[in-house]
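Chemist: There's a structure below that I have some questions on.
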Amino acid sequence: MEQSSFVHSVKVPKLYKVASKTLQSIESHEESFKGAIFAAKHPNKKALTALISTSLQRSEEINYLIKKSKILEKEQRIESQLPLVKILITELLRGKLVDNQRQAKPILTVLKYKEAMEKASLKFSRKPSNLEEKDTTIMVEKPRYVRVNTLKMTVDDAVEHLLNEGWIEKPYDTTGELTVTDFSRDDVVDNLLVFAPKQTFYKHPLYLNGTFILQDKASCLAAMALKPRTGRCVLDACAAPGMKTTFLSSLAGTDSRIIAVEKSAKRCNTLKEMLNQYGCEFVEVLNQDFTEVDPLSYEDVEYILVDPSCSGSGMYGRFDVPYQDGSKQDRLHSLSFYQQKVLCHAMKFPNVKRIVYSTCSINSEENEDVVSAALSFAEMCVKCDFDNDRTDGFFIAVIERIRRGG
Ligand SMILES: C[S@@+](CC[C@H](N)C(=O)[O-])C[C@H]1O[C@@H](n2cnc3c(N)ncnc32)[C@H](O)[C@@H]1O
308 MEQSSFVHSV KVPKLYKVAS KTLQSIESHE ESFKGAIFAA KHPNKKALTA
358 LISTSLQRSE EINYLIKKSK ILEKEQRIES QLPLVKILIT ELLRGKLVDN
408 QRQAKPILTV LKYKEAMEKA SLKFSRKPSN LEEKDTTIMV EKPRYVRVNT
458 LKMTVDDAVE HLLNEGWIEK PYDTTGELTV TDFSRDDVVD NLLVFAPKQT
508 FYKHPLYLNG TFILQDKASC LAAMALKPRT GRCVLDACAA PGMKTTFLSS
558 LAGTDSRIIA VEKSAKRCNT LKEMLNQYGC EFVEVLNQDF TEVDPLSYED
608 VEYILVDPSC SGSGMYGRFD VPYQDGSKQD RLHSLSFYQQ KVLCHAMKFP
658 NVKRIVYSTC SINSEENEDV VSAALSFAEM CVKCDFDNDR TDGFFIAVIE
708 RIRRGG
């Protein structure tokens, strides 16, 4: 009797609790994969990333196992904890759920179905459609891009630090392979270093002190395209988690006025954390809907970055999170309408000189269509994708105001 009360007081490990919340926010499209991992309150981001990405990659299989084993119908106490059940099944599939009695109740419950699920998993992997999928998958990997945060250290000093650690600098070559000891300076983005795919930096001193920021090249290009002059006012209309705000801050410099607008209170906290971490405390944060910011109260704004929420269809290695209503076209239509509204609002700022509109989507409904609806089509559009540029799929349009007669 005593032993059983001990057994039942064992708690679900924190990693699983945080992972189930994170998974839920991604599956409900409340957060992007990267944003949810960043916002998650767990120190071991590497373990969390591995767990969530496996869960998303194998989501079809996990749903199949849940259905076949009837675990939710039979175990009513865990019926309301679906994200946790998915995480625990992921761990079961990864061979990480240890079968002993000193486990939390939900783990013991999932372990009761271990054998049934393992059998169902074998059947799942033999399904013809899954075999076809595996055979045609070509895995070419994206390099690891590291942006040097020049608010903390110059690129030359960062490179010297790496050389002293024994890294080898190689000339930039998009077609060549970088080995785990090599790095290059990027050919387009001055502050960007390129490493071998999956190179980890989580314990590197320059990562821990906010000098190294793991940021995709395409995301850097959007901030770079805005070309803010130092000492001017720059506004980031859709700012959280703040990857581009931090780059804009280092491009524009500490004597510029930088305003970061973010409508979600939760994501605004993440944005503030990121700004602190990367030495951008001088950025003014507005927790407000950008379309409700009065342009006439911001007459000094000359540069605006519009990087609105989008489908994320260009994200490399993106996991297709199914839409509950199954209506992709409706979703694209409403995204496009909202994106146009945000872009048109940016054009109302009386002294804005340059606007960059960017998305990490490859759908024209969210890109060219939005820009062409906002003005007769702008010529300065850039499209990046993995096959040609070794970046995420990304769209950037630069819109400049030309004042006639002076
Ligand atoms: C694609 S993310 C921006 C990513 C960010 N620029 C970065 O590089 O880290 C879009 C963000 O804009 C916010 N957002 C969407 N619509 C907004 C609006 N009307 N006003 C302000 N923020 C908005 C979302 O909550 C989300 O945090």
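FYI, the numbering for the sequence shown is 308 to 713, going by our numbering. Note that the Cβ used here is the ideal one computed from N, Cα and C, for glycine as well. Small disclaimer: the values here were computed from a predicted structure and weren't measured.
Which class does residue 609 belong to by DSSP, given the choice of helix, strand or coil?
Modeler: Reduced to three states, the DSSP call for residue 609 is strand.
Chemist: Whole angstroms is fine: what's the gap from residue 504's alpha carbon to residue 355's?
Modeler: Whole-angstrom Cα-Cα distance: 19 Å.
Chemist: Check whether the Cβ of residue 337 sits closer than 7 Å to any heavy atom of ligand 1, and report yes or no.
Modeler: Not so, every heavy atom of ligand 1 lies at least 7 Å from the Cβ.
Chemist: By the 10 Å Cβ neighbour count, where 16 or more other Cβ atoms means buried, how is residue 383 classified, buried or exposed?
Modeler: Exposed is the call here.
Chemist: Here's the rule I'm using: 16 or more other beta-carbon atoms within 10 Å means buried, otherwise exposed. How should residue 529 be labelled?
Modeler: It counts as buried.
Chemist: Taking the alpha-carbon of residue 334 as reference, which of 345, 366, 352, 348 has the nearest alpha-carbon?
Modeler: With distances taken between Cα atoms, residue 334 lies closest to 366.
Chemist: Whose C-beta lies closer than 7 Å to the C-beta of residue 349 among residues of the same chain, with five residues either side of it excluded?
Modeler: Answer for residue 349: 321, 322, 325, 355, listed in chain order.
Chemist: Would you say the beta carbon of residue 548 is closer than 7 Å to some non-hydrogen atom of ligand 1?
Modeler: True, at least one ligand heavy atom lies under 7 Å from that Cβ.
Chemist: Nearest to residue 662 by CA position, among 453, 705, 458, is which residue?
Modeler: Out of 453, 705, 458, 705 has the C-alpha closest to the C-alpha of residue 662.
Chemist: Taking the runs of the alpha helix (DSSP H) that are 4 residues or longer, which of them lie wholly in the region 489-534?
Modeler: Listed in chain order, they are 512-515, 524-533.
Chemist: Contact check, residue 670 vs residue 639 under 8 Å by CB: the rounded distance?
Modeler: Yes, residue 670 and residue 639 are in contact; Cβ-Cβ is about 6 Å, under 8 Å.
Chemist: Could you check where the alpha helix (DSSP H) with residue 371 kicks off and where it finishes?
Modeler: Residues 366-376.
Chemist: Among 378, 649, 394, 605, whose alpha-carbon lies nearest the alpha-carbon of residue 598?
Modeler: The shortest C-alpha separation from residue 598 is found at 649.
Chemist: Taking all protein chains shown into account, decide if residue 446 is buried (16 or more other Cβ within 10 angstroms of its Cβ) or exposed.
Modeler: Only weak support exists for where residue 446 lies, its pLDDT of 42 falling under 50; the value from the coordinates is given anyway. Residue 446 is exposed by the Cβ-count criterion.
Chemist: Which residue's Cα is closest to the Cα of residue 617: 645, 600, 610?
Modeler: It is 645 whose Cα lies nearest to the Cα of residue 617.
Chemist: Determine, using beta-carbon pairs with one atom in the region 415-432 and one in the region 508-517, whether at least three such pairs fall under 8 Å.
Modeler: No, they do not touch.
Chemist: Beta carbon of residue 503: closer than 7 Å to some heavy atom of ligand 1?
Modeler: Checking every heavy atom of ligand 1 against the Cβ of residue 503, none is found closer than 7 Å.
Chemist: With C-beta atoms as the reference, is residue 569 less than 8 Å away from residue 547?
Modeler: Yes.
Chemist: Considering only their Cβ atoms, is the gap separating residue 593 from residue 552 smaller than 8 Å?
Modeler: Not closer than 8 Å, so no.
Chemist: Ligand 1 and residue 527: does the residue's C-beta get closer than 7 Å to at least one heavy atom of that ligand?
Modeler: Not so, every heavy atom of ligand 1 lies at least 7 Å from the Cβ.
Chemist: Going by the C-beta, is residue 649 closer than 7 Å to any heavy atom of ligand 1?
Modeler: Yes, since a heavy atom of ligand 1 falls inside the 7 Å radius drawn around the Cβ of residue 649.
Chemist: List the residues that DSSP assigns as beta-bridge partners of residue 476.
Modeler: 490.
Chemist: What first and last residue would you give for the beta strand (DSSP E) that runs through residue 566?
Modeler: First-last of the beta strand (DSSP E) with residue 566: 564-568.
Chemist: When you compare only the Cα positions, how much space is there between residue 412 and residue 319?
Modeler: Spanning the two alpha carbons is a distance of roughly 8 Å.
Chemist: Is residue 544 near ligand 1 - that is, is its Cβ less than 7 Å away from at least one heavy atom of it?
Modeler: Checking every heavy atom of ligand 1 against the Cβ of residue 544, one is found closer than 7 Å.
Chemist: Compute the beta-carbon to beta-carbon distance between residue 317 and residue 451, rounded to the nearest angstrom, for a pair I have assumed lies under 8 Å.
Modeler: Residue 317 to residue 451, Cβ: 38 Å. No contact.
Chemist: Please indicate yes or no: does the CB of residue 597 lie closer than 7 Å to some heavy atom of ligand 1?
Modeler: Because some heavy atom of ligand 1 lies under 7 Å away, the Cβ of residue 597 counts as near it: yes.
Chemist: Can you determine whether any heavy atom of ligand 1 sits closer than 7 Å to the C-beta of residue 617, and answer yes or no?
Modeler: At least one heavy atom of ligand 1 is nearer than 7 Å to the Cβ of residue 617, so yes.
Chemist: Output yes or no for whether 8 Å exceeds the beta carbon distance between residue 513 and residue 549.
Modeler: Taking 8 Å as the Cβ cut-off, residue 513 and residue 549 do not qualify as a contacting pair.
Chemist: Taking a contact to mean a Cβ-Cβ separation below 8 Å, would you say residue 707 touches residue 660 in this structure?
Modeler: Contact: yes.
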